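Everything on this sheet refers to the single structure shown next.
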Amino acid sequence: MEKYSPAYVIIDGQHDILRFSGGELGQYLKPSQGVASLNLLNVLRKALRPAVLAAIQAAHEGQRPVVHENLAAKINGHERLVTLIVEPMPEGSVGPGHCIIAFQEAGPHAAETAASGSPEAAATRNRALEQELRATKAQVTAMVDDLETTNEEMKSANEEYQSVNEELQASNEELETSKEEMQSVNEELQTINSEMAVKNELLTRLNSDIKNLLDSTQIATVFLDHDLRIKSFTPTATDLFNLRDSDRGRPLTDLVSRLKYADLQRDVRKVLRTLSMIESEVQLVDETDTFTMRIRPYRTLDNVIDGVVMTFVDITERKAFEVRLAEREQRFHALVNASSQIVWTTNAAGETEDDSPSWRAFTGQTFEQWKGFGWLDAIHPDDRERVNDLWRKAVAEKSPVSTDYRLRHVSGEWRWTAVRAVPLVTADSVSGWVGMNLDITERKEAERQRDLLLHELNHRVKNTLATVMSIALQTLKGAASPLEFRQAFLTRIVALSKTHDLLTNAAWRPVTLSDLVQLELAPYRDDKSPRCRVEGEDVLLEPRVALALGLALHELTTNAAKHGALSVSTGRVDVAWHVRSLNGTRDLHLTWAETGGPPVQAPARRGFGSRLIEEGLAHELDGTVRLDFDVGGVKCAIVAPLSPTESQP
Amino acid sequence: MIEAAQKSAARPLGLRILVVEDEMMLVMLLEDILMELGCSVITAGRLAKAIEAAENETFDGAILDVNVAGEEVYPVAEALTRRSIPFIFSTGYGEGTVPAEYGDRLILAKPYLPDSVEQALVNFQK
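Protein chains in written order, with the numbering used here: chain A, 1 to 649; chain B, 1001 to 1126.
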C-alpha cells in the first residue's frame, strides 16, 4: 500500500508535524541546521519550502485541496518533477488549521527528458515547463501577499512603537523636571539646614551671653512659672533665698527667704494677674542690706506670659550714700543761707545755666535776665568791661579769679561785692565754675572812712604843727628870756594838748562848752572856797571852735593866775554863758569876769594873749570879742554865732 | 626870724595880700610873716567873707587855704581868676587835692616857713 500511496505529512495550524508517512517521504525532507524542530518548514528541503507554504495558505483560504503538478525540485542531485497535494482536514475531526501534505514523484525533469529529443517529448516538456511556471507564479504571488501583509504588520507595529516612544519621551521629560524640582528642593533644604545651624549657634551664644550677663550683674534674679515654681535663678539669688541647684522646680513657698517681705507671694500673684510691674524696697530680716525689688511678668518673645521675673538690686551703699549726700546738701544749703552770700555756678564756658536764687534775690534780676552772660547787666557800667575781661581770661586759663565790683542791688543802689570763682575740675577737665559774691559795701565804706580819716589826720597834724610853729614864734616875740619862753611855750602846748585830749575822748565830735571851761579852770577850783564859778546851759562846740576857745581860755586863765584874780586867794572868776536866738541864728554869749584880784594895769604892749583873744578868736569864731582891762578885774565878752551842729545836746 | 626881718627890710615887697584862712594861729603867723616882708594883710576866716573880699577889695595877691571852716575855697579862686589877681593855695592835705584847672598854681604846704611864703609872693610882683 505504502508502495503506491504518496508520501505525506499531517501538520497543525502552526505547521508542526503531527504525523509522518513512511515510504519515499525522506527524500523530500532535509532539516535545517540548528535546534531540532518538527515544524514542516524547517524540515522540508529548501527548494520545496516556498511552494509548500504557498499551497498551504491557498488551501486554508479556499478550504479546498490544492494540487501543484510538475513542481521542479532538485532531489539528491537530480532535477525531478513532483506533484504536491495539500488538503485541509475537516474541522470537526481534528484541530483547526490541520492539513495533509502529500508528495508524488512525476518523473525526471523535462530538461533531462528532452535529451531524448523527440517532438513528443519536447511537447511534454513544454507542458511541464508551463506548469512549473504557473506554479512558480502562484508561489511568487503568495510570497508577495505574504510580504505585504508582513509589511503592513510591520508598519502598524512601527507606528505603535513610535507612539510608545513618544510617550516614553514625555515621561522622560516629566522625570527630568521632577528631578530638577527635587534638586532645588534639596538645595533649599540644605540652605535651611545651614541657616538653622547658624541660628542654633547664635542661640547657644545668646544663651551663654545671658548666663554670663546674669552672673556678672550681681543682680539676684529668680524666674518663676505660673505656679510659683522656680524655673531658674542667678548665683546671687542663692544668698537671698538659700537656693540650691536642686531647688529648680520647687515652689517658692517651700523656701526660706532672708527677706523681710511677707507679701512676696501675694505680689507675685498680683503681677501674674495684672501683668504690671511691682517695684518696692525690701530689707533683709536683720535690716543690714536694702534691695530694690522688681517683679515683672515674664514675656516670651511671642508675647506670651510665662511666669514672672524677680530681681533684687543691692542698694545698701547707694542708700547710705544718698543719706550722706542729703546731709551734705542740707549742710551746704544751711551754710549758703547763713552766710547771706551770693552763690552761683556756670558751665565750663563761663555761661550761667543753673538758677541762683541768691543772685536773683540780691539783684532783682529774673532767671531769664541773669542767664548766659546776662548777669553782666547787673554790674556797674564802670566795672563791667573789666569784670568781663577778667572773667573770660579766667575761663580761658581755667584759673581761679577774685575781684571787687559794684552790683546793682534790688533796692536800686550800687553795692560793692567781692567775688571769688573757682573752676570745678574733674579728671583734668573743667566741668564748670562755682562762685560767691560777698557784700562788702560796709567794708568798702569803712575803708573809705579810714582813708578819709587818714587824710583828715594828716591835715590836722599839719595844722597842729603849723599852730605849734605859730605859738612858738608868737611866744618867742614876747619872751624876755629863754626861761620865760620855755615856761610860756610849754604851758601853751600843754593847754593845746589838753583840749586835744578832750576832743579825742569825744572822738573828735562836738564837746560841751562846760567841759572845756572846767578843763582850764580845774587847777584853781576849790570846793571849800569857790574861786571859780562856771554857769551856763549845755552848748556843744565844734572841735575847731573848741581848740580856739581852749587856747583863749588858757590865755585868760594864765593871765589871771599870774596877774589877776587867781593870783590871790580872795579873787574869783565868773564864767557865764547863754545862747540867744535871733532871726533864725543862734549866738553864744560868754563872759569872763574877774573880781577881788589886785588892781589891773593895762599892759604896755599888747602881748600874744591879747592878740589871740581879740583878733584870733574873733576871726576863728567869726564873732566879736571884747577884752577890757578894768581896774577891778579883767573882763572878756565873746559873742559868736553857733553853727547848726553846735546845738544843745 | 630875725634874719627874715632883715631881708625884708632890705627888700620890702610892699604888697597887699588877702589871706583866706580859718585857723586863728595860722592867720596870726601869716600876718607876722607878711608884715615882716613889708606887706599889708586882709584876712577872711569864712568863705562868704572871702568871696566878698575877692570881688570887692583891692589887693595884689592871695593865699587861699583850701578848706575854709569846712567849705572849699574854689569860688574865691574863680573870682580871683576873673579879676586876674594872682593867688596860691595853702593846705595841709598835701598835693593832689586841688582840681586840675588849678594844677599849675603854687601850693604852700603847711606848716610853712617864712622863706617859702616870700618865694611865693615874689611871683606876685611880676
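Even glycine gets a Cβ: it sits at the ideal position worked out from N, Cα and C.
Note that the coordinates shown come from a computational prediction; the quantities given were computed from them, not determined experimentally.
Taking its Cβ as the centre, do 16 or more other Cβ atoms sit within 10 Å of residue i, making it buried, or is it exposed?
i, result
"D389 of chain A", "exposed"
"I1002 of chain B", "The predicted model places I1002 of chain B with a pLDDT of 38, which falls under 50 and marks its position as unreliable; any figure quoted below should be read in that light. Under this definition I1002 of chain B is an exposed residue."
"S156 of chain A", "exposed"
"D512 of chain A", "The sequence given here places Thr at residue 512 of chain A; Asp does not occur at that position. Label assigned to T512 of chain A: buried."
"E1036 of chain B", "buried"
"A51 of chain A", "buried"
"V955 of chain B", "For chain B, the structure presents residues 1001 to 1126; residue 955 of chain B sits outside this window and is missing."
"N463 of chain A", "buried"
"D254 of chain A", "exposed"
"E1031 of chain B", "buried"
"S216 of chain A", "exposed"
"S118 of chain A", "exposed"
"R386 of chain A", "exposed"
"A427 of chain A", "exposed"
Residue i and residue j: beta carbons closer than 7 Å?
i, j, result
"R408 of chain A", "T363 of chain A", "yes"
"V1066 of chain B", "A1044 of chain B", "no"
"V309 of chain A", "R296 of chain A", "yes"
"G1092 of chain B", "H619 of chain A", "no"
"V1088 of chain B", "I1051 of chain B", "A small fix is needed here, since residue 1088 of chain B is Ile in this sequence, not Val. No; because the gap between Cβ atoms is not below 7 Å, this pair is not in contact."
"A546 of chain A", "L582 of chain A", "no"
"V631 of chain A", "P599 of chain A", "yes"
"N39 of chain A", "H15 of chain A", "yes"
"A59 of chain A", "V86 of chain A", "yes"
"G350 of chain A", "L224 of chain A", "no"
"E594 of chain A", "G633 of chain A", "yes"
Going by C-alpha to C-alpha distance, which of the options sits closest to residue i?
i, options, result
"L240 of chain A", "A:N172, A:E351, A:V313", "A:V313"
"V1073 of chain B", "B:D1022, B:P1012, B:L1034", "B:D1022"
"G536 of chain A", "A:A54, A:L590, A:T288", "A:L590"
"V575 of chain A", "A:L521, A:D501, A:H619, A:Q218", "A:L521"
"E91 of chain A", "A:C99, A:L84, A:I85", "A:C99"
"T292 of chain A", "A:K270, A:R80, A:W344, A:T221", "A:T221"
"L566 of chain A", "A:L40, A:G597, A:A123, A:L588", "A:G597"
"L376 of chain A", "A:V395, A:T352, A:P357", "A:T352"
"V461 of chain A", "A:S497, A:R331, A:G478", "A:S497"
"D286 of chain A", "A:M277, A:K260, A:I305, A:R266", "A:K260"
"S356 of chain A", "A:E368, A:H578, A:A348", "A:E368"
"N1123 of chain B", "B:I1085, B:L1113, B:E1101", "B:I1085"
"L275 of chain A", "A:V304, A:E160, A:V282, A:R250", "A:V304"
"M469 of chain A", "A:Q218, A:Q449, A:L490, A:L642", "A:L490"
"A348 of chain A", "A:V425, A:R406, A:A378, A:H226", "A:V425"
Any beta carbon from chain A within less than 7 Å of residue i's own beta carbon?
i, result
"A1005 of chain B", "Unreliable positioning characterises A1005 of chain B in this predicted model, as indicated by a pLDDT of 42, which lies under 50. The coordinate reading is nonetheless provided below. No, A1005 of chain B does not count as interfacial toward chain A."
"R1016 of chain B", "no"
"R1038 of chain B", "A small fix is needed here, since residue 1038 of chain B is Gly in this sequence, not Arg. Judged by the 7 Å Cβ criterion, G1038 of chain B is not in contact with chain A."
"S1008 of chain B", "Confidence at S1008 of chain B is low in this model, with a pLDDT of 43, below 50, so its placement is unreliable and the value that follows should be read with caution. No - not a single Cβ of chain A is within 7 Å of the one on S1008 of chain B."
"L1108 of chain B", "no"
"V1066 of chain B", "no"
"Y1074 of chain B", "no"
"E1023 of chain B", "yes"
"P1111 of chain B", "yes"
"Y1102 of chain B", "no"
"L1029 of chain B", "yes"
"L1034 of chain B", "no"
Chain B beta carbons: is any one of them nearer than 7 Å to that of residue i?
i, result
"S481 of chain A", "no"
"E520 of chain A", "no"
"L465 of chain A", "yes"
"C636 of chain A", "no"
"A495 of chain A", "no"
"K498 of chain A", "no"
"A506 of chain A", "no"
"A421 of chain A", "no"
"V639 of chain A", "no"
"H619 of chain A", "yes"
"K371 of chain A", "no"
Is residue i near the ligand GTP - that is, is its Cβ less than 6 Å away from at least one heavy atom of it?
i, result
"H98 of chain A", "For the ligand GTP, the structure offers nothing, since it holds no ligand at all."
*Entirely within the region 358 to 418 of chain A and at least 4 residues each: give me those alpha helix (DSSP H) ranges in chain order.*
367 to 370, 381 to 397
_4 or more residues per run - each alpha helix (DSSP H) lying fully within the region 1013 to 1098 of chain B_ = 1024 to 1036, 1047 to 1056, 1074 to 1082
*Segments assigned alpha helix (DSSP H), at least 4 residues, entirely inside the region 229 to 300 of chain A*: 237 to 241, 264 to 274
*Which parts of the region 424 to 477 of chain A are runs of the beta strand (DSSP E), unbroken and 3 residues or longer, counting only runs that do not cross its ends?*
429 to 439
_Contained beta strand (DSSP E) runs [length at least 3] in the region 513 to 539 of chain A, N- to C-terminal order_ = 532 to 536
*Scan the region 577 to 645 of chain A and note each continuous alpha helix (DSSP H) run of 4 residues or more that stays entirely inside, going in chain order.*
608 to 611, 618 to 621
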